[in-house]
Amino acid sequence: MTLPPAGSQKQGLFSREDYLAPPAIPTGQPPRDVLNTIWRKNEVFLDIGQYSIGSFVIMLWPQLLIAIWLLINVRDDGELFSMFSILFSFVIGIPLLMLLYSLAKPVSLPTRFNRQRREVCVPQKDGSYWIVPWETVVAQAIAMDSVGRHGKTTQGMLVVGFKNPDPNAKEGERDCSMGFSCGGGTTAMCLWECIRSYMEIGPKAVPDTRLGYRPYEETQIGSIITSLRKGDILDVLHGLFFVICLGTYFSEKLQNLKLAPPPDLTDPNIVEWSKPIPPEQWAKRSPEWDEAILQREVELAGEAAT
5 MTLPPAGSQK
15 QGLFSREDYL
25 APPAIPTGQP
35 PRDVLNTIWR
45 KNEVFLDIGQ
55 YSIGSFVIML
65 WPQLLIAIWL
75 LINVRDDGEL
85 FSMFSILFSF
95 VIGIPLLMLL
105 YSLAKPVSLP
115 TRFNRQRREV
125 CVPQKDGSYW
135 IVPWETVVAQ
145 AIAMDSVGRH
155 GKTTQGMLVV
165 GFKNPDPNAK
175 EGERDCSMGF
185 SCGGGTTAMC
195 LWECIRSYME
205 IGPKAVPDTR
215 LGYRPYEETQ
225 IGSIITSLRK
235 GDILDVLHGL
245 FFVICLGTYF
255 SEKLQNLKLA
265 PPPDLTDPNI
275 VEWSKPIPPE
285 QWAKRSPEWD
295 EAILQREVEL
305 AGEAAT
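Numbering-wise, our numbering comes out as the position in the sequence shown, counting from 1, plus 4.
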C-alpha cells in the first residue's frame with residue numbers, strides 16, 4: 005500500500021491521520037521526548053525504546069487514590085465497605101498484576117538509528133535484525149476522538165514502520181512497526197521529531213536521555229525542593245500535583261529499576277555496525293530527499309514570518 009506523502013493529512017469524522025514520513029521533512033514542532041523513549045544518544049546512533057512503565061503508573065495511581073479515599077469514607081458501613089473492596093480488587097487488582105508482570109519480564113531491545121550510515125537496526129523477536137534504509141521509514145500520527153457525557157476525549161499514537169529488506173520475505177514478515185501511545189497530533193509530531201531531528205540535524209538537536217540515576221536536583225523530589233528554595237511556589241505546586249496525584253515519583257523509581265541501564269544490542273555484527281566511520285564515508289541524503297526538506301524549511305520560515 006502506498007501512503008500519502010509526508011505533510012499531508014487525512015481528516016475523518018472522528019479521526020485524524022498526519023503522514024510524517026517518507027520523506028522525513030520537518031513537522032514544525034520541537035523535539036520532545038514525552039515518553040522517555042530515548043535510551044541512548046551519541047554521535048553515531050540513537051536508541052529508541054518502547055518500554056514506558058511511567059504511563060502505566062500514571063493511569064493506575066489516580067484509581068488507587070480514589071479507591072483508598074472511598075474505602076476510608078465507608079469503613080464504618082460493613083456492607084458498603086465489602087462491596088467497594090470487591091469492586092476495587094478487580095478495577096485495580098488486574099492492572100496491578102499486569103504492572104507486576106511487566107516488571108518481571110525482560111525489556112525488549114531498542115531500535116537503533118545510525119545517522120552516519122543513515123540506516124536503522126530493527127531487532128526481531130526471533131533474535132535476528134533488519135537493517136533498513138532511513139529513507140524508507142514510514143511515520144504516521146493517528147488521533148481518534150470519542151464523545152461522551154463528559155465531553156470529547158482524544159486518544160492517539162505515533163506509528164513508525166519498517167519494511168523488511170528481504171524481498172523474498174513471507175507474507176506477514178514483510179514489515180513491522182513500533183507504536184507509542186502519546187495522544188497523536190502535535191504530541192506525536194514532537195516525539196517523531198526526536199528521531200527525525202537526530203537523523204537529519206544531529207545529536208545536539210534532540211533531548212538527552214532521562215534514564216538512569218540523575219543528580220538530586222533533577223529528580224522528582226529534588227526539583228520540588230530546589231524550586232522551594234528559589235521561592236518558585238507555582239513550580240512547587242506543579243511538582244506536588246504530579247507526585248501526589250499522578251504518582252510520578254514511583255514512575256521514576258520503577259523506570260530506574262528496569263532501565264538503569266537499558267538493554268543494549270550485543271550482536272557482534274551490530275556492534276561493528278554501530279561504530280563510528282570516517283566522515284567521508286557517511287551516507288548522504290538523496291537529491292529528492294534533500295529538495296523535500298529544503299522546500300519544507302522554506303514553507304515553515306514563511307509561516308513564521310506571517
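Yeah, the Cβ is synthetic: ideal placement off N, Cα and C, and Gly gets one too.
Residues bridged to residue i (per DSSP)
| i | result |
| --- | --- |
| tyrosine 133 | Pro127 |
| threonine 115 | Ile52 |
| arginine 44 | Asp51 |
| cysteine 180 | Phe166 |
| glycine 160 | Ala147 |
| valine 142 | Gly165 |
| alanine 25 | Ala143 |
Beta-carbon contacts of residue i that lie in its chain and below 6 Å, excluding the five residues immediately before and after
| i | result |
| --- | --- |
| lysine 167 | Thr140 and Asp179 |
| serine 185 | Met161 |
| tryptophan 286 | Gln120 |
| threonine 252 | Gln224 and Phe246 |
| methionine 5 | Confidence at methionine 5 is low in this model, with a pLDDT of 46, below 50, so the placement of that residue is unreliable and no value is reported for it. |
| tryptophan 277 | none |
| glutamine 299 | none |
| glycine 2 | Look at the range of the chain in this structure, 5 to 310, and you will see that residue 2 is not part of it. |
Span of the beta strand (DSSP E), counted from its first residue to its last, around residue i
| i | result |
| --- | --- |
| isoleucine 52 | 49 to 52 |
Bounding residues of the alpha helix (DSSP H) (the contiguous stretch that carries residue i)
| i | result |
| --- | --- |
| glutamine 33 | Segment: none, glutamine 33 is in no alpha helix (DSSP H) and carries neither H nor E. |
| isoleucine 317 | This structure cannot speak to residue 317, because the chain is shown only from 5 to 310. |
| threonine 310 | Unbroken run through threonine 310: none, as it is neither H nor E. |
| cysteine 194 | 189 to 204 |
| alanine 95 | The question names alanine, yet the displayed sequence has valine at residue 95. Start and end: 82 to 95. |
Contact set for residue i: own chain, Cβ-Cβ below 8 Å, skip 5 residues either direction
| i | result |
| --- | --- |
| glutamine 259 | Asn40, Ile57, Gly58 and Leu215 |
| leucine 107 | Ile57, Leu258, Leu261 and Lys262 |
| serine 89 | Leu75 |
| leucine 103 | Ile57, Phe60, Val61 and Leu64 |
| phenylalanine 254 | Val61 and Trp65 |
| glycine 189 | Arg20, Asp22, Ala145, Ala147, Thr158 and Gly160 |
Close beta carbons around residue i, own chain, < 7 Å, minus the five adjacent residues each side
| i | result |
| --- | --- |
| lysine 288 | none |
| threonine 223 | Glu256 |
| leucine 232 | Val240 |
| methionine 182 | Gln54, Thr115 and Val164 |
| serine 227 | Glu221 and Gly243 |
| leucine 113 | Pro127, Pro267 and Leu269 |
| glutamate 301 | Pro30 |
| serine 201 | Pro35, Ala209 and Val210 |
| leucine 84 | Val78 |
| leucine 133 | According to the sequence shown, residue 133 is tyrosine rather than leucine. Taken in chain order, the residues that qualify are Cys125, Val126, Pro127, Asp271 and Ile274. |
Integer-rounded CB distance, given that residue j should sit under 8 Å from residue i
| i | j | result |
| --- | --- | --- |
| glutamate 197 | glutamine 33 | 6 Å |
| valine 38 | threonine 191 | 6 Å |
| glutamine 128 | valine 95 | Wrong, their Cβ atoms sit about 36 Å apart, outside the cutoff. |
| methionine 213 | isoleucine 52 | Residue identity check: residue 213 is threonine in the sequence provided, not methionine. Not quite, the Cβ-Cβ distance comes to about 10 Å (not below 8 Å), so this is no contact. |
| valine 48 | proline 280 | 5 Å |
| isoleucine 50 | isoleucine 199 | The displayed chain sequence assigns leucine, not isoleucine, to residue 50. Confirmed, about 7 Å. |
| proline 30 | alanine 296 | The pair is not a contact, with the Cβ atoms about 10 Å apart (cut-off 8 Å). |
| glutamate 209 | proline 35 | With the sequence shown as reference, residue 209 is identified as alanine, and glutamate is not the correct amino acid for it. Rounded, the Cβ-Cβ distance is 7 Å, consistent with contact. |
| lysine 45 | proline 207 | 5 Å |
| isoleucine 135 | proline 169 | 6 Å |
| methionine 193 | leucine 24 | 7 Å |
Any non-hydrogen atom of the ligand HEM closer than 7 Å to residue i Cβ
| i | result |
| --- | --- |
| glycine 82 | Judged by which ligands are present, the structure shown has none, so any question about the ligand HEM falls away. |
Item to check | In chain order, each beta strand (DSSP E) run of at least 3 residues that lies wholly inside the segment 215 to 275 | outcome: none
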